[in-house]
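**Student:**
In the working numbering, the protein residues as written are 2 to 185.
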């Protein structure tokens with residue numbers, strides 16, 4: 002596949018971010034739903050074009066595009082803040098003391114915060130070619146099927162991913178901006 006001439010790869014990223022100390026915070030559907038709803042909120046506010054994603058038990062991958070006025074670093078700061086607040090409220094409502102204890106133990110600066118959900122950093126790679134894009138989309142969609150995860154047999158069966166949209170053309174758990182509209 003070739004890039005359309007007006008496509009600007011400088012604003013197209015493959016992003017990975019993980020839970021603090023790789024804790025399996027995102028294992029339960031109610032927590033994954035918080036992440037999906039937050040993606041959707043940012044998408045609807047035009048802060049993100051979400052082309053591809055997967056939510057794993059302790060990390061997420063996605064391919065997205067961000068505006069000049071709202072760069073990736075601002076998006077990630079706000080995304081992590083919003084999901085953290087909502088996840089911690091959910092754990093408090095459930096009276097999930099064990100999960101909150103684990104998250105509290107990971108705080109580096111207790112004077113500033115009580116609990117921590119995400120690692121501070123994230124990894125973002127420029128999507129510089131259609132080959133790189135296809136490689137990363139395949140990686141994202143096949144991640145739940147990897148031997149050490151075994152979350153599903155086939156990528157399109159895993160609910161918390163965009164694979165169903167791309168493999169079967171059925172809608173997935175969130176509206177996706179179709180990458181095929183950008184590629185020639």
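Where a beta carbon is used, it is the ideal one built from N, C-alpha and C, also for glycine. Every value quoted in this text rests on a predicted model; they were computed, and no experiment measured them.
#1: Could you tell me which of 95, 78, 49 and 30 sits nearest to residue 56, measuring between CA atoms?
#2: Quick one: is residue 119 near chain D, going by C-beta distance under 8 angstroms?
#3: Label residue 45 either buried or exposed according to how many other C-beta atoms from any shown protein chain fall within 10 Å of its C-beta, with 16 as the threshold for buried.
#4: State the Cα-Cα distance for the pair residue 166 and residue 146, rounded to the nearest angstrom.
#5: To which residues of the same chain is residue 172 closer than 8 angstroms at the C-beta, ignoring the five residues directly before and after it?
#6: In the DSSP assignment, find the alpha helix (DSSP H) that holds residue 142 and state where it starts and stops.
#7: Taking just the CA atoms, how far does residue 159 sit from residue 51?
#8: Put residue 16 into one of helix, strand or coil per three-state DSSP.
#9: Excluding the five sequence neighbours on either side, which residues of its own chain have a C-beta within less than 6 angstroms of the C-beta of residue 83, listed in chain order?
#10: Need the endpoints of the beta strand (DSSP E) that residue 52 sits in, please.
**Tutor:** Taking the geometry as given:
#1: For the purposes of this step, residue 56 is identified with residue 55 of the chain shown, where counting begins at 1. It is 30 whose Cα lies nearest to the Cα of residue 56.
#2: Although the question refers to chain D, the structure presented lacks it and comprises just one protein chain.
#3: Here residue 45 refers to the residue found at position 44 of the chain shown. By the 10 Å Cβ count, residue 45 comes out exposed.
#4: Here residue 166 refers to the residue found at position 165 of the chain shown. Here residue 146 refers to the residue found at position 145 of the chain shown. About 17 angstroms.
#5: As a first step, residue 172 is located in the chain shown; it is residue number 171 there, counting from the start. Excluding the 5 residues flanking it on each side, residue 172 has same chain C-beta neighbours closer than 8 angstroms at 165 and 166, in chain order.
#6: Within the chain shown, numbered from 1, the residue matching residue 142 stands at position 141. That run of the alpha helix (DSSP H) goes 131-143.
#7: Position 50 of the chain shown, counting from 1, holds the residue named residue 51. Position 158 of the chain shown, counting from 1, holds the residue named residue 159. Whole-angstrom Cα-Cα distance: 18 angstroms.
#8: In the chain shown, residue 16 corresponds to position 15, counting from 1. In the structure shown, residue 16 sits in a strand (DSSP, three-state: E or B).
#9: Taking the chain shown and counting its residues from 1, the one referred to as residue 83 is at position 82. Taken in chain order, the residues that qualify are 39.
#10: Residue mapping note: residue 52 aligns to position 51 of the chain shown, counting from 1. Residues 50-56.
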